[in-house]
Amino acid sequence: MNVEEANLKAIAALIGTDPVLSGLVLRLVNSPMFGVRHRVTGVLQAVALLGLDRLRALSTTAALKMLVSTALYLPASTRCWRHSVACALATQEVAVSTGFDGDTAYTAGLLHDIGRFAMLSCWPREYSHLLATCCPADLREREFETLGVRHTDAGAFLLQHWGLPSDLVEAARDHHGPPLDGQPRLVELVSCGCHLADAIGFAVTAKPPDECAPDDTLSCLVTDQDAFSFRIADGINQIECL
């Protein structure tokens with residue numbers, strides 16, 4: 139038995155102890171996006187078909203959904219959830235086009251706004267009100283004035299506290315920096331993904347961002363805008379259906 143096979147068996151055994159995650163893994167591998175000829179009923183076979191990188195992305199997505207599930211009844215939380223997934227998918231696409239690891243980019247995009255979910259859990263009414271009434275450009279300062287913390291700092295603190303890699307912490311803290319320019323770093327890719335998610339209609343605020351027109355943001359980074367928007371929306375729909 140080689141190392142990779144041993145790792146897959148160990149991971150499958152661990153997933154097999156969690157009924158919810160086992161169900162998600164099996165539903166994903168049997169979904170139309172994989173197109174397997176015969177229905178997969180075993181976790182080990184599903185793990186082998188998915189591969190470690192895709193499984194890591196799925197597990198992170200499922201964990202985030204379970205973490206924020208208590209606040210998902212709030213419209214603001216639903217917008218934050220869809221923005222996070224849209225950012226993850228968009229960041230992954232931009233990363234692959236620049237030769238960066240797509241799965242790492244997906245995870246960074248998914249977790250970039252984790253601080254918002256923490257704030258929604260702590261101050262559901264107050265933070266929902268901010269997301270419903272603030273202009274996007276003023277939101278972080280209003281967060282600090284009203285609640286004493288910005289979502290970027292809260293997210294960076296959480297990821298650091300959980301012992302996640304420093305580039306994920308940096309992406310959560312600094313993703314509101316300028317869009318991609320030159321040799322990409324992970325935080326710059328996440329910044330692009332965040333802008334693209336906003337541009338195609340998955341913003342976290344009730345008021346759409348006005349720093350730049352959606353068509354300008356998309357045209358700078360995406361060749362076929364309609365196809366890109368459809369892929370992101372379809373990806374969100376598939377994940378939510380799972």
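Each residue of the sequence shown is one higher than the last, beginning at 139 in the working numbering.
Note that CB positions come from ideal geometry on N, CA and C, so glycine has one too.
Cβ separation of residue i and residue j, assumed to be a contact under 8 angstroms, to the nearest whole Å
i: ILE252; j: LEU190; result: About 23 angstroms separates the two Cβ atoms, so there is no contact after all.
i: ALA195; j: ASP241; result: 5 angstroms
i: ILE370; j: LEU227; result: 5 angstroms
i: THR229; j: GLY331; result: 3 angstroms
i: THR245; j: THR198; result: 5 angstroms
i: LEU182; j: LEU152; result: About 11 angstroms; that fails the 8 angstroms criterion.
For residue j and residue i, the rounded distance between their alpha carbons
i: GLU311; j: CYS225; result: At residue 311 the sequence reads Arg, which differs from the Glu that was named. Approximately 15 angstroms between the Cα atoms of the pair.
i: THR290; j: SER304; result: 14 angstroms
i: VAL287; j: GLU281; result: 6 angstroms
i: ASP336; j: TRP219; result: 13 angstroms
i: SER329; j: PHE255; result: 18 angstroms
i: TYR265; j: ILE149; result: 38 angstroms
i: LEU212; j: ARG192; result: 29 angstroms
i: HIS267; j: ALA294; result: 23 angstroms
i: GLN376; j: ALA309; result: 25 angstroms
i: PHE172; j: ASP239; result: 21 angstroms
i: GLU279; j: ILE338; result: 25 angstroms
i: ALA292; j: LEU166; result: 31 angstroms
i: CYS260; j: GLY301; result: 22 angstroms
Cβ shell of residue i (< 8 angstroms), same chain only, five flanking positions each side left out
i: THR343; result: ARG217, LEU269, ALA270, CYS272, CYS273, PRO274 and LEU277
Nonlocal neighbours in the same chain, by C-beta distance under 7 angstroms from residue i, ignoring five residues either side
i: ASN168; result: VAL174, ARG177 and VAL178
i: HIS221; result: ASP251, ALA335, PHE340, ALA341 and VAL342
i: GLY154; result: SER160 and VAL181
i: LYS203; result: none
Under 9 angstroms between C-beta atoms of residue i and residue j
i: VAL163; j: LEU188; result: yes
i: LEU327; j: PHE366; result: no
i: HIS313; j: HIS250; result: yes
i: GLY315; j: VAL307; result: no
i: PRO322; j: ALA233; result: yes
Own chain, CB closer than 6 angstroms to residue i, minus 5 neighbours either side, in chain order
i: GLY373; result: LEU227
i: ALA243; result: THR229, GLN230, ALA233 and LEU327
i: GLU378; result: none
i: PHE368; result: none
i: ALA186; result: LEU146
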